[in-house]
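*Asks:* Below is one structure. I have some questions about it.
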Amino acid sequence: MGKGKKTKGSVDIVSTEQHERLLEETTYRDMDMGLDSGFHRGPQRKKQRVWCSFIWVGIGLVVVVGVFAILKVSHQSDELPTIKPTFPTQYEASLTFRMPYMKLVEPVFVHVDEIQGLQKLSYYGGVDEYILNASGSSYQMLPVIDSIKCFKSGPTSLQKIFPNVTAFEPMYGKSIVNSRSCFSWKFTVEKSPDSQARLGVYTLYVDAETNEPVRFHYIGHNVMLGGSHMDEYIIDYEYIRAGPIAPQIFTYRVESMNCSTPSPDDDELLRPMEDFHMRMPDGETKRNDHFNDFVELHEKQYKDEKERAQRAAIFHANLQYINSVNRQGLSYRLAVNHLADLSPDDMRRHHHAKVRRDHDNKANATHMLTNNGALPDEWDWRQHGGVTPVKDQGHCGSCWTFGTTGALEGQYYKKANQTVRLSQQNLLDCSWDEGNNACNGGLDYQAYRWIMKHGGIETEATYGSYKNQPGFCHFNKSAAVATVTAFVNVSGVPELNDALVHVGPLSVSIDAAISSFYFYSGGYYDDINCKSGVDDLDHSVVAVGYTTHNGEKYTLVKNSWSTHWGENGYIKIAQKNNICGVATSATYGLVRIPLVNYDQLQFYGSIYIGTPPQPFDIIFDTGSSDIWVPSVACTACAGTYRYNASASTTYQSNYRQFQAYYGSGAVFGNVLWDVVSISPLLPLKTLLMGQVAKQDANIQQFESEGIIGLGFPPLASISRPSFIEVFQIEIFSLYISTLSMEKTTPSQLILHGIDHDLPGKNATWHYFPLKSTHSADGFWAIQFAGVGVNSRTKQQTNGLIQETSTAVLDSGTSLILLPQNEYNQLIQMICLAVDSDSGCKLDTLSKGFSCTSCSYQEFPPVTFFLGPENIPFTLQGSDYVRCELNTCTPQIEKSASQFCVLGDIFIRAYYTAFDVKNRRIGLACPGDGLCFGGIKPPLEFLTHISWLLYISALYTKVFALAVGVYGIKWTANLIRNKTKRRLSTAQTTNFV
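The numbering of the sequence shown is our numbering, which starts it at 136 and goes up by one.
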């Protein structure tokens, strides 16, 4: 202490001495006191005055701020509530419960007599009523389907309508709430990040004059997630009257009803009575009990306590919403399911919201009403077969794969009469190039496009089951079972129901971004807040039928959220006002009918007739309109299968006979009615057709077992309405490829659409209107301007030939047929181009022309001029010449009609679209868009006998080669051995 004092004293002495020395400095003694001295002192004084002014202004400001602060504190002291609100024990009140983020508004009127231990809660004007008795029987009056029922239970604790404000703190200032000036009391629940990571603020607003409660507000945040919102609700006290409650308020309605004890299945009915208690700060125990039950039931697991707390808060918000909606007396009900701990953002992962839906999805056709009579009142494909069990897409936004496969599965059943489980994982892994994003969303029509482009989709058995995440694509085309060629839009409720009955299950896109949909558990869903616009559709499901309730129809929809959701995975959605957009953008796929290529002469596809289905390989013939197959009575008919009328439960006799004539012969038989299916994705249709008992010899040479005519009704002698009318085909296309043994795109008939990938990306389409002349009526006939032979070096035609003005596109004819005069002239020109020295005279060419020891390269291009604009379509030698071993023959013959018939030889070179709706034919010029032909490999003539000859010749050549090689090797060994003996003899002689 002494040392400290000494130090301080010395400092004071030094400071004094320095001050005294400064006063004696010469600076002060020697300063100029003359005239100029005043010049220097003036500025110094001004500076001093300025500094003084600043100091005084600062002091003034401090004083003013201090005065205002004192006045403010004085004013706020008048706005600080000092008396905590108290609440009556007997009262009636009108309240409104709100959950802003769920857009929920729930009105409730309460009667409370705490003295007697009685309470009555009336929701939505008395639709739901709860009478609670703390010491006696409690009751619930609830709407069940279309009537009010009363349930009786034991003593029940009264619900807290007002919070316990013991721990609430007063807040300074007043607020305007519901047009009333209010004080506020606040209670904050703080929990550390290591426990429940939750911050909740309860605020009670009371009238500043009467101290009556006006609003109770709770908002919860998660401090671990940057304060993100977790829960919020508001209770507005709109009317309160304190005073005794008449006893009959609690008894009059119960006495008029027959109240029963709820079963264990009705346990959920009791829970809404606990809502008010769980909304209060002291309801934590009850909230935890509900959440723990949920976690145990659905086997939920969370990574830590932070996530558990977040999920608990979300769960309770959803629980409040579910209970509130269930009190509205709606035609549907909600329930806690496995999604109850998910936020709206989590829910959106179940949708394809990240993939924008096109307003024009480029569908190949639009479904038209079939006009097959009135539809049944109800239809459910689950009862008819073809609907696979409900699955769970998990947390992967892959609903689009389930919608697509669900539609294909049901329709496949119609063909094969068996259920198949198609692989959602196949689409999830492989369809990225079409715009789908696996678990981040996709669209059904983009899935169809992938299937169309890649030749089908596999089953779960071959590709693999659903994994809830994408993997590497390992699609195997040879294992595909559903080959889709196009897809059809279904728009409108009548069209939706018609397609459900006549086509099968449909892929449907809906609006699912609404809480009532998430927690649907049963009943007839008609929430008007569920939108129906194209841009609102964010979830893909499967429509499997419809039902009728109280005169209104509801679509039966299969979801992919497991059997814990809805009615075992299903929901009934109102068709009135197109709720949720079920009828906005439904689709179904069209199958590609593969055609068997028999030696480049005939092309067959499969159909199924009768119940159960009987298979047939038939020709799809655009040159006729009748339908017939051989009957069991025709032992000499071509093909393997025969139609057995007695084996079909849907067979009906027409009791008349028929005859059908073709260029190669005629068939004879009887007319009948039966159902026909031509693909897994087209419906069964009842058709008038023939069963053939006799065929001409030329017809018997065919490999087919019948014909389906794709011409127009005037050509039909028995099948009216025609095939294209019954199946409502607006457009179809025919692609003919090389032999199926080659690794090329197979031949195929595409109903209801065009595959623009078949002719190539740079293809040019030319469309020609059908001729309307009487002679061409019923045919796919267009204007014909002539045919000529081109130079092999220049694209110009030498000598145009025309004696007919009509060309018919006929898939039932293998060759190109010309009227006799045109045929003779064309063959002569071809002969001269190949071998001008052979004497190509018309009389020697009357039966055709062929050359030996030649190839198709030696034949000139032949050009056909079509349409009003005389557009040239050229066939190269590889397109129209067949070479069997060393003999080549043009596939052009004389026609028995007056038309130029362009058969499969021509269609093979140019992918052909038959546009029924617009009555026109389209021809695609591949490659660079020029119609020069020669795109596909050369024609081959390889019948079974030709194959034997070819293999024999090949074997002979290989055998000769092997003999030659062996002979050379034997000769070489012989020479080598002789040389060795000579050398050995020479060495012996030298040694001797």
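Think of the CB as a built atom: it goes at the ideal place given N, C-alpha and C, for glycine as much as any other residue.
Ends of the alpha helix (DSSP H) at residue 597?
*Replies:* It spans 595-598 - the alpha helix (DSSP H) in which residue 597 sits, taken as one unbroken run.
*Asks:* With the cut-off set at 8 Å, would you say residue 255 and residue 246 are in Cβ contact?
*Replies:* Against a cut-off of 8 Å, the Cβ pair of residue 246 and residue 255 comes out as a contact.
*Asks:* Residue 823 bridges to which residues according to DSSP?
*Replies:* Its beta-bridge partners are 808.
*Asks:* For residue 566, collect the residues of the same chain with a Cβ closer than 6 Å to its Cβ; drop the 5 residues on either side in sequence, then sort them by chain order.
*Replies:* Answer for residue 566: 582 and 585, listed in chain order.
*Asks:* Which residue or residues does DSSP assign as beta-bridge partners of residue 903?
*Replies:* Answer by DSSP bridge pairing, in chain order: 1056.
*Asks:* What are the boundary residues of the alpha helix (DSSP H) that residue 565 is part of?
*Replies:* Per DSSP, residue 565 belongs to the alpha helix (DSSP H) from 559-565.
*Asks:* Taking Cβ to Cβ, would you say residue 710 is nearer than 8 Å to residue 682?
*Replies:* Not a contact, by the Cβ cut-off of 8 Å.
*Asks:* Taking residue 992 as the reference, give the member of 1012, 881 and 845 with the closest Cα.
*Replies:* Closest by alpha carbon: 1012.
*Asks:* To which residues of the same chain is residue 523 closer than 7 Å at the C-beta, ignoring the five residues directly before and after it?
*Replies:* Contacts found: 544, 554 and 556.
*Asks:* Relative to the C-alpha of residue 707, which candidate in 513, 307 and 919 has its C-alpha closest?
*Replies:* Out of 513, 307 and 919, 513 has the C-alpha closest to the C-alpha of residue 707.
*Asks:* With burial defined as no fewer than 16 other Cβ atoms inside 10 Å of the residue's Cβ, what is the status of residue 747: buried or exposed?
*Replies:* Its Cβ having fewer than 16 others within 10 Å, residue 747 is exposed.
*Asks:* For residue 966 and residue 980, which I take to be in contact (beta-carbon distance under 8 Å), what is that distance rounded to the nearest angstrom?
*Replies:* Rounded, the Cβ-Cβ distance is 6 Å, consistent with contact.
*Asks:* How many Å lie between residue 1007 and residue 1048 at the Cα?
*Replies:* Roughly 17 Å separates the two Cα atoms.
*Asks:* Would you kindly work out how many angstroms separate the C-alpha atoms of residue 1010 and residue 865, rounded to a whole number?
*Replies:* One C-alpha to the other measures close to 29 Å.
*Asks:* Provide the residue(s) that pair with residue 684 in DSSP beta bridges, ordered along the chain.
*Replies:* In the DSSP output, where bridge partners are listed per residue, residue 684 has 687.
*Asks:* Would you tell me roughly how many angstroms separate the C-alpha atoms of residue 812 and residue 712, rounded to the nearest one?
*Replies:* Going from the Cα of residue 812 to the Cα of residue 712 covers about 34 Å.
*Asks:* Is the beta carbon of residue 642 less than 8 Å from the beta carbon of residue 592?
*Replies:* Not closer than 8 Å, so no.
*Asks:* What three-state label does DSSP hand residue 362 in the structure shown?
*Replies:* Residue confidence for residue 362 is low, a pLDDT of 39 falling below 50, so the modelled location carries little weight and cannot support an answer.
*Asks:* Of the choices 575, 546 and 596, whose alpha-carbon is the least far from that of residue 561?
*Replies:* Looking at the Cα atoms, 596 is the closest of the given residues.
*Asks:* Would you say residue 946 and residue 869 are within 8 Å of each other, going by their C-beta atoms?
*Replies:* The answer is yes: Cβ separation under 8 Å.
*Asks:* Using 8 Å as the cut-off, can you tell me whether the segment 655-663 makes contact with the segment 454-469, which would need three or more C-beta pairs spanning the two stretches below that distance?
*Replies:* With the cut-off at 8 Å, the segment 655-663 and the segment 454-469 touch.
*Asks:* Within 10 angstroms of its Cβ, does residue 374 collect 16 or more other Cβ (buried), or is it exposed?
*Replies:* Exposed, because fewer than 16 other Cβ atoms sit within 10 Å of the Cβ of residue 374.
*Asks:* Terminal residues of the continuous alpha helix (DSSP H) containing residue 518?
*Replies:* Start and end: 516-519.
*Asks:* Tell me which residues share the same chain as residue 877 and place their Cβ nearer than 6 Å to its Cβ, disregarding the 5 neighbours each side in the sequence.
*Replies:* For residue 877, the predicted model reports a pLDDT of 46, less than 50, meaning its position is unreliable and no value from the coordinates is stated.
*Asks:* Could you check if residue 377 is buried or exposed, using at least 16 other CB atoms within 10 Å of its CB as the buried criterion?
*Replies:* The residue in question, residue 377, is exposed, as its Cβ has fewer than 16 Cβ neighbours within 10 Å.
*Asks:* Distance, Cα to Cα, residue 788 vs residue 580?
*Replies:* Cα-Cα distance, rounded: 41 Å.
*Asks:* Should the segment 795-803 be regarded as contacting the segment 774-782, the criterion being three or more beta carbon pairs within less than 8 Å?
*Replies:* Contact fails: fewer than three Cβ-Cβ distances are below 8 Å.
*Asks:* Within the chosen definition, does the segment 849-859 reach the segment 822-829 through at least 3 CB pairs nearer than 8 Å?
*Replies:* Verdict: yes, contact present.
*Asks:* Between the segment 742-758 and the segment 698-707, can you find at least three pairs of beta-carbon atoms closer than 8 Å?
*Replies:* With the cut-off at 8 Å, the segment 698-707 and the segment 742-758 do not touch.
*Asks:* Could you tell me the boundaries of the alpha helix (DSSP H) in which residue 963 lies?
*Replies:* 955-969 is the extent of the alpha helix (DSSP H) around residue 963.
*Asks:* Quick one: what's got a C-beta closer than 6 Å to residue 222's C-beta in the same chain, skipping five residues either side?
*Replies:* Same-chain partners within the cutoff: 297.
*Asks:* Which residues bound the beta strand (DSSP E) around residue 741?
*Replies:* Looking at the DSSP string, the run of the beta strand (DSSP E) that includes residue 741 is 737-744.
*Asks:* Quick one: residues in its chain with C-beta nearer than 6 Å to the C-beta of residue 687, no 5 flanking neighbours on either side, listed in chain order?
*Replies:* Counting only Cβ-Cβ distances below 6 Å, and skipping sequence neighbours, we find 711.
*Asks:* Roughly how many whole angstroms lie between the Cα atoms of residue 1109 and residue 1103?
*Replies:* Roughly 10 Å separates the two Cα atoms.
*Asks:* At what residues does the alpha helix (DSSP H) containing residue 1040 begin and finish?
*Replies:* Residue 1040 -> alpha helix (DSSP H) spans 1039-1044.
*Asks:* At the level of alpha carbons, what is the spacing between residue 1060 and residue 540?
*Replies:* Roughly 34 Å between the two C-alpha positions.
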